[in-house]
Amino acid sequence: MVIRFFSRASYVEIRLGAHYVNIEEHSQLRVTSTNIIIHEDYMRPDRHSNDISLIQTPEHIVTNNYIQIVRLAVADSGDYSGYVAFLSGWGTTSNSSTDLSAALQETHLFIMQNVLCLNVYGPDVVKSSTLCTYGYTPTGPCNGDSGGPLVVGNTQVGVVSFIPSRGCESGYPSGYSRISYYRSWINRNTDL
Numbered sequence: 001m002v003i004r005f006f007s008r009a010s011y012v013e014i015r016l017g018a019h020y021v022n023i024e025e026h027s028q029l030r031v032t033s034t035n036i037i038i039h040e041d042y043m044r045p046d047r048h049s050n051d052i053s054l055i056q057t058p059e060h061i062v063t064n065n066y067i068q069i070v071r072l073a074v075a076d077s078g079d080y081s082g083y084v085a086f087l088s089g090w091g092t093t094s095n096s097s098t099d100l101s102a103a104l105q106e107t108h109l110f111i112m113q114n115v116l117c118l119n120v121y122g123p124d125v126v127k128s129s130t131l132c133t134y135g136y137t138p139t140g141p142c143n144g145d146s147g148g149p150l151v152v153g154n155t156q157v158g159v160v161s162f163i164p165s166r167g168c169e170s171g172y173p174s175g176y177s178r179i180s181y182y183r184s185w186i187n188r189n190t191d192l
């Protein structure tokens, strides 16, 4: 899914079934959102708390070979530490790159225990609502990947929230909003 933001995100264009951002593929479905629900307590982006929002579409999306549904982690699903997760996005591909990727990129990452991530970033950044990962190699989400999905199997467990200040190739952990922590908020604001 590609999301393009317009005028401070009063609406977004969603491209489902996309592999290339700048090419109109036969697999793509483009939809303009009708509403964006930002978490009401997201006030300090430097602290990454409550860094989650929902995008409402004008109609239900029909699935096909290119557009599938991913489950959301449930509230009591555990912390996923030790699992290998899959991340995809169109962000930059290196610290030195300034251009977003034209093609969808992917990587596999390890989900780490929050206490280890807390030792790196401290309690102002890492909360129980945070999930952190590190890579097989020093890779992870880069600039432009924010809001992207972190998936274990067919379950989305996180939403990209922050990358290390030293860059995506630094080997430092990356942070995500933990879906299981926000399930009651998601349920209150959707028809799930």
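All the letters of the sequence shown, read from the start, carry residue numbers 1 to 192 under full-length UniProt numbering.
For each residue, glycine too, the CB sits at the ideal point set by N, CA and C.
- Under the three-state reduction of DSSP, L116 is assigned to helix.
- If you draw a straight line from the Cα of G144 to the Cα of W90, it comes to about 7 Å.
- Distance from the CA of T133 to the CA of G175, rounded to the nearest whole angstrom, comes to 7 Å.
- Shown here for P58: same chain residues with a beta carbon closer than 6 Å to its own, the five before and five after excluded, namely T34 in chain order.
- Going by DSSP, I186 is part of the alpha helix (DSSP H) stretching over R183 to R188.
- Taking a C-beta distance under 8 Å as the contact criterion, I37 and S53 qualify as a contact pair.
- Within the DSSP secondary-structure output, P149 pairs in a beta bridge with V159.
- Under the three-pair Cβ rule at 8 Å, the region 63-70 does not count as touching the region 123-142.
- Annotation: G167 is outside any beta strand (DSSP E) and is labelled neither H nor E by DSSP.
- With a minimum length of 3 residues, the unbroken runs of beta strand (DSSP E) contained wholly in the region 67-104 fall at 84-89.
- For E106, the CB contacts under 6 Å within the same chain, skipping 5 residues up- and downstream, are S88 in chain order.
- Closest option to T93, judged by alpha-carbon separation, among T63, L104 and V84: L104.
- Here A73 is near Q156, since their CB atoms are less than 8 Å apart.
- Counting other Cβ atoms within 10 Å of its Cβ, A102 stays below 16 and is therefore classed as exposed.
- Nearest in C-alpha terms to S128, of all of H48, G148 and A85, is H48.
- T133: member of the beta strand (DSSP E) spanning T130 to G135, first to last residue.
- Beyond the five residues adjoining it in sequence on each side, V31 comes within less than 6 Å, by CB distance, of I14 and T57 in the same chain, given in chain order.
- Shortest Cα-Cα distance from Y172 to any of I163, D41, E40 and Y42 involves I163.
- In its chain, beyond the 5 residues on either side, Q156 have a beta carbon closer than 6 Å to the beta carbon of P149.
- Per DSSP, E13 is one residue of the beta strand (DSSP E) stretching across Y11 to L16.
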